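Going by this note's numbering, the first sequence opens with residue 11, and the numbers climb by one from there.
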Amino acid sequence: MSAPRLPREFFTRPTLEVAKDLLGKYLVHEEHGQRLCGMIVETEAYVGREDAASHSYGGRRTGRNEIEYGPGGHVYIYLVYGLHWQLNFVTSVANEPECVLIRALEPVEGVAKMKTYRHTDDPAKLTNGPGKLCQALHLNKSFNGYDLCDKKAKFFVEDRGIEVAAEAVKRGPRIGIDYAGPRWSKIDWRFWIKDNPYVSK
DNA sequence: TGTCCGATATCCT
DNA sequence: GGATATCGGACAT
11 MSAPRLPREF
21 FTRPTLEVAK
31 DLLGKYLVHE
41 EHGQRLCGMI
51 VETEAYVGRE
61 DAASHSYGGR
71 RTGRNEIEYG
81 PGGHVYIYLV
91 YGLHWQLNFV
101 TSVANEPECV
111 LIRALEPVEG
121 VAKMKTYRHT
131 DDPAKLTNGP
141 GKLCQALHLN
151 KSFNGYDLCD
161 KKAKFFVEDR
171 GIEVAAEAVK
181 RGPRIGIDYA
191 GPRWSKIDWR
201 FWIKDNPYVS
211 K
């Protein structure tokens with residue numbers, strides 16, 4: 011029943027590789043003994059200093075993004091538009107402030123609970139967006155800085171040995187970052203599983 | 001202390 | 001397809 015958890019070394023690799031390899035892994039939040047779990051089907055890479063769409067562009071370092079400068083395998087979560095949480099995994103190697111945004115999941119365990127958190131019965135709308143999946147797995151600011159690789163972690167990523175075939179991995183431009191200018195809003199740093207119905211639209 | 005605005009979701013027409 | 005909700009971070013004053 012207990013699949014191996016992703017170790018620190020998984021996260022402390024080049025961010026684009028981590029973003030791609032997270033596809034097909036299982037995100038688990040054990041809450042009061044109940045497992046809320048979904049398979050990762052869509053991610054985006056935010057490559058720190060050089061990336062105008064990143065919070066740490068140009069080495070910007072503030073109270074909010076301080077976590078990005080810490081070790082890999084930790085959670086960076088913050089609020090946008092006053093109401094939506096964005097879940098990221100820090101990949102920082104050698105103090106480079108980089109991370110991967112989790113954009114969509116396929117619900118796997120604890121679906122009934124997710125429905126109550128999301129206030130909907132439609133499984134297709136449960137976790138197909140960055141704000142939605144945080145609401146479904148009951149994630150918020152209290153998880154900022156959380157260590158996914160701690161042995162006792164209640165929130166972590168499982169590897170169930172599923173290999174996503176290379177031809178099933180699609181990539182394209184990231185979403186909602188036109189403000190960063192064409193160079194960064196057009197670069198193909200978003201990854202998703204081809205034809206998966208839970209990828210965001 | 002004040003102003004500006006966003007790595008979105010939802011409701012409305 | 002378009003408007004807008006809603007709030008805290010960032011940065012200027």
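Note that CB positions come from ideal geometry on N, CA and C, so glycine has one too.
Because the structure is a prediction, the values reported are computed rather than measured.
Please look up how many angstroms separate the CB atoms of residue i and residue j, rounded, as I've assumed it's under 8 angstroms.
i: T101; j: R23; result: 7 angstroms
i: K30; j: D169; result: Not confirmed; about 14 angstroms, so no contact.
i: L33; j: V167; result: With 8 angstroms as the limit, L33 and V167 do not qualify as a contact, their Cβ atoms being about 12 angstroms apart.
i: V110; j: V28; result: 6 angstroms
Spatial neighbours of residue i within its chain, please: C-beta separation below 7 angstroms, excluding the five flanking residues on both sides.
i: S155; result: The question names Ser, yet the displayed sequence has Gly at residue 155. Contacts found: I77, H84, V85.
i: D198; result: R181, G182, P183
Determine the DSSP secondary structure at residue i, reduced to helix, strand or coil.
i: R23; result: coil
i: Y48; result: The residue asked about is misnamed: residue 48 is Gly in this sequence, not Tyr. G48 falls in the strand class under three-state DSSP.
i: L115; result: strand
i: G182; result: strand
i: E41; result: strand
i: C144; result: helix
i: E173; result: coil
i: V209; result: coil
i: V28; result: helix
i: Y56; result: strand
i: Y36; result: strand
i: W199; result: coil
Spatial neighbours of residue i within its chain, please: C-beta separation below 6 angstroms, excluding the five flanking residues on both sides.
i: L136; result: P117, M124, R128, A146
i: A114; result: V51, E52, N138, Y208, V209, S210
i: I187; result: A63, S195
i: H65; result: N75
Near residue i, what residues of its chain come up, given a Cβ to Cβ distance below 8 angstroms and the 5 sequence neighbours on each side ignored?
i: G141; result: V90, L93, H94, W95, Q96
i: P81; result: R18, T22, V100, S102
i: R45; result: V38, H39, E119, G120
Between the stretch 58-77 and the stretch 132-143, do three or more beta carbon pairs fall short of 8 angstroms?
no
Residue ranges of each beta strand (DSSP E) run of no fewer than 3 residues wholly in the stretch 74-118, ordered along the chain?
85-90, 94-100
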